[in-house]
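Peer 1: Residue numbers (the numbering used here): 1024 to 1149.
The beta-carbon is built from N, C-alpha and C at its ideal position, and this holds for glycine as well.
The model shown is predicted, which means the values in this text are computed figures rather than measured ones.
1. Would you mind stating whether residue 1046 and residue 1081 have Cβ atoms separated by less than 7 Å?
2. What is the DSSP secondary structure of residue 1074, reduced to helix, strand or coil?
3. Quick one: which unbroken alpha helix (DSSP H) runs of 4-plus residues sit fully inside the segment 1032 to 1115? Chain order, please.
4. Roughly how many whole angstroms lie between the Cα atoms of residue 1059 and residue 1073?
5. Excluding sequence positions up to five away, which residues of its chain have a Cβ less than 6 Å from the Cβ of residue 1029?
6. Could you work out which residue in 1120, 1123 and 1109 is closest to residue 1051 when comparing CA atoms only?
7. Given this structure, state the Cα-to-Cα distance separating residue 1117 from residue 1042, to the nearest angstrom.
8. Using 10 angstroms around the beta-carbon of residue 1035, count the other beta-carbons present and answer buried if the total reaches 16, otherwise exposed.
9. Would you say residue 1033 and residue 1112 are within 7 Å of each other, going by their C-beta atoms?
10. Give the DSSP bridge partners of residue 1029, in chain order.
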């Protein structure tokens, strides 16, 4: 399951004679950060590199053309902030899912007795 957020950039990215404003961005992962480092992007550009990797759509720009260099050359600061905010919104969807799920941090083996564990398992099976 991907956690994404769609919105519209305040200004837009000018690409091949057109302004592109509508976008969808997914939540970033540690893998995105590692890939940016492996791509040789300087530390100062890590966040922009991660944004480029996580943008799934940006107007009608082909996904493979949404690169670190494109964002460095064509993204204004207001749009950069909008992308960062949208990425946080995508991440928030995961947090909301976590809050809606019934998850226990205590393994069943941590129950007071084997009978309690058996009853808990039977309840889950129902």
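Peer 2: Per the coordinate set shown:
1. By one-based count along the chain shown, residue 1046 stands at place 23. By one-based count along the chain shown, residue 1081 stands at place 58. Yes, these two residues count as a Cβ contact at 7 Å.
2. In the chain shown, the residue the question calls residue 1074 occupies position 51. Helix.
3. 1053 to 1061, 1069 to 1077 and 1091 to 1097
4. Along the chain shown, read from residue 1 onward, the residue named residue 1059 stands at position 36. Along the chain shown, read from residue 1 onward, the residue named residue 1073 stands at position 50. Distance between the alpha carbons of residue 1059 and residue 1073 is about 7 Å.
5. For the purposes of this step, residue 1029 is taken as residue 6 along the chain shown, with counting starting at 1. Here the set comprises 1047.
6. As a working note, residue 1051 is residue 28 in the chain shown. Residue 1109 is the option with its Cα nearest to residue 1051.
7. Translated into positions along the chain shown, residue 1117 becomes position 94. Translated into positions along the chain shown, residue 1042 becomes position 19. C-alpha separation (whole angstroms): 31 Å.
8. Residue mapping note: residue 1035 aligns to position 12 of the chain shown, counting from 1. When all chains shown are included, residue 1035 counts as buried.
9. Walking along the chain shown from the start, residue 1033 turns up at place 10. Walking along the chain shown from the start, residue 1112 turns up at place 89. In this structure, residue 1112 does not lie closer than 7 Å to residue 1033 by Cβ.
10. Looking up residue 1029 in the chain shown gives position 6. BP columns for residue 1029 point to 1047.
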